[in-house]
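J.:
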Amino acid sequence: MDHHNTGSSKHSHGGSPLALCIATNGDFLRTLAYCLSTGCADISAAKLEAYWVGQATGDKTVSAEWTCGAALANVTEPRKRTYIAGDTLNYTSLITDADYQYQYYFNVFFDWE
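Number 569 in this note's numbering belongs to position 44 of the sequence shown; there are no gaps in the numbering.
Shown next, in the form of structure tokens:
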């Protein structure tokens, strides 16, 4: 199915399939929460939660099943395994500084907050 050009001007409000998957993927949510808690330690919990609501799934119409705080509370021990591009993310992982910076600059370039 071609999602780029459906020949219709109608907009779906059901959320993207990827966002729906992300919203319930505990490993992704825990990884994101852990990354935010370590990489954004100087940001208030309220601001992190606001970011989470708008950005965690990549689709503002799809909410994650957990808040950022709840996802972080489900990280039971410090992470030791680092995500490697191409791996299936079926564990809560660390993100390298290089990967974090790459994503950060991508978001800044596109003015995402």
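Every residue gets a Cβ at the ideal spot worked out from N, C-alpha and C, and that includes glycine. Fair warning: this is a prediction, and the values are worked out from it, not measured in the lab.
Compute the Euclidean distance between the alpha carbons of Ala-589 and Ala-596, then round it to the nearest angstrom.
T.: 10 Å
J.: Is the separation between the beta-carbon of Thr-586 and that of Gly-540 shorter than 8 Å?
T.: yes
J.: Quick test of your reading: Leu-573 and Cys-593, contact by CB under 8 Å. State the CB separation rounded to the nearest angstrom.
T.: Contact flag correct, Cβ pair sits at about 5 Å.
J.: Does DSSP put Leu-614 in a helix, a strand or coil?
T.: Residue state, collapsed to three classes: coil.
J.: With a Cβ-Cβ cutoff of 8 Å, do Phe-583 and Ile-547 count as a contact?
T.: It should be noted that the sequence gives Gly, not Phe, for residue 583. For Gly-583 and Ile-547, yes; Cβs fall inside 8 Å.
J.: Residue ranges of each beta strand (DSSP E) run of no fewer than 3 residues wholly in the stretch 527-609, ordered along the chain?
T.: none
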